[in-house]
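Taking it in order: structure first as structure tokens, then the write-up.
Right, dumping it as structure tokens:
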């Protein structure tokens, strides 16, 4: 059972639908059954996606996990990715809502409501979003939260943190050019989707602390080649999967 944010992406025009679930595998099956209905309610939040699948066919859509997270983070993550990946209908996507409207019976705090409002007008999008370019474990987040309650950082501390992040990125990072033990692929920048019901290879890279999604591929070699092409095109120092002679 996977908790997190998922995406349906149209391979023909690039349009996306972002969703959240406490069980992504089950949610995919629900979508799958829905696609084969003869009609759908005009008030259904999946209406635009449903019509597009009917038009282009399910074979022209990729389904993948965008990010795994804690259940308590789902609303914020969904709002963030709908904005970041431009999947709302006003930005040529399939999402009718701006996200965060999960019917799990959780009462939102005034802070969460305000973040939802701001995300709709773009004030928390891109680099302005608190989760942009960051990834912490739950334990680390709890520790940071306890340490910083009621404390405002000085500009000097902020500048120092920025410098430390810059100094430990790229070639200066301790794991630069290495593959982690237990990686799902032997190639750099390639991982396999963990949605068991829909298997494919994802090619991505971290540049200046930010994840660049290169693409999704049915073949592992194609994903590795796309990674190499991205490295060469952007003149990056990262090692290649297939070094040129």
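In this note's numbering, the protein residues as written are 2 to 246. Every residue, glycine too, gets a C-beta built ideally from N, C-alpha and C.
Residues near residue 201 in its chain [Cβ-Cβ closer than 6 Å; skip 5 each side]: Taken in chain order, the residues that qualify are 194, 217, 219.
Cα-Cα separation between residue 31 and residue 238, rounded to whole angstroms: Those two C-alpha atoms are separated by around 43 Å.
Three-state secondary structure assigned by DSSP to residue 64: DSSP places residue 64 in strand when its eight states are reduced to three.
Residue 52 classed as buried or exposed, judged by whether at least 16 other C-beta atoms fall within 10 angstroms: The C-beta of residue 52 has fewer than 16 other C-beta atoms within 10 Å across all chains shown, which makes the residue exposed.
For residue 206, the first and last residue of its enclosing beta strand (DSSP E): Looking at the DSSP string, the run of the beta strand (DSSP E) that includes residue 206 is 202-208.
Cβ neighbour criterion (16 or more within 10 Å) applied to residue 10: Its Cβ being crowded by 16 or more others within 10 Å, residue 10 is buried.
Beta carbon of residue 228 nearer than 9 Å to that of residue 188: The answer is yes: Cβ separation under 9 Å.
Identity of the residues DSSP links to residue 8 by a beta bridge: Residue 8 pairs with 19, 65.
Rounded straight-line distance, which links the Cα of residue 101 to that of residue 5: So the two alpha carbons sit approximately 13 Å from each other.
Coil, strand or helix - residue 35 by DSSP: Helix, per DSSP.
Candidates 48, 12, 2: closest to residue 71 by CA position: Just measuring C-alpha positions, the residue of 48, 12, 2 sitting nearest residue 71 is 2.
Where residue 97 sits in the DSSP three-state scheme: In the structure shown, residue 97 adopts coil according to DSSP, grouped into three states.
Cβ-based burial, residue 20 [other Cβ within 10 Å; buried from 16]: Under this definition residue 20 is a buried residue.
Proximal residues to residue 96 (C-beta, below 7 Å), its chain only, five neighbours per side dropped: Result list for residue 96: 18, 19, 83, 88, 89, 90, in chain order.
Alpha carbon of residue 13 to alpha carbon of residue 190, nearest angstrom: Distance between the alpha carbons of residue 13 and residue 190: 24 Å.
Same chain, Cβ closer than 8 Å to residue 249, five either side skipped, listed in chain order: What the structure shows of the chain is the stretch from 2 to 246, and residue 249 is not part of that stretch, so it cannot be assessed.
Buried versus exposed, by CB contacts within 10 Å (16 or more), residue 233: By the neighbour-count definition (other C-beta atoms within 10 Å, threshold 16), residue 233 is an exposed residue.
Start-to-end residues for the alpha helix (DSSP H) that takes in residue 78: Residues 75-85.
Beta strand (DSSP E) segment containing residue 211, residue limits: For residue 211, the enclosing beta strand (DSSP E) has its first and last residue at 211-218.
Whether residue 57 touches residue 8 by CB criterion (9 Å): No; because the gap between Cβ atoms is not below 9 Å, this pair is not in contact.
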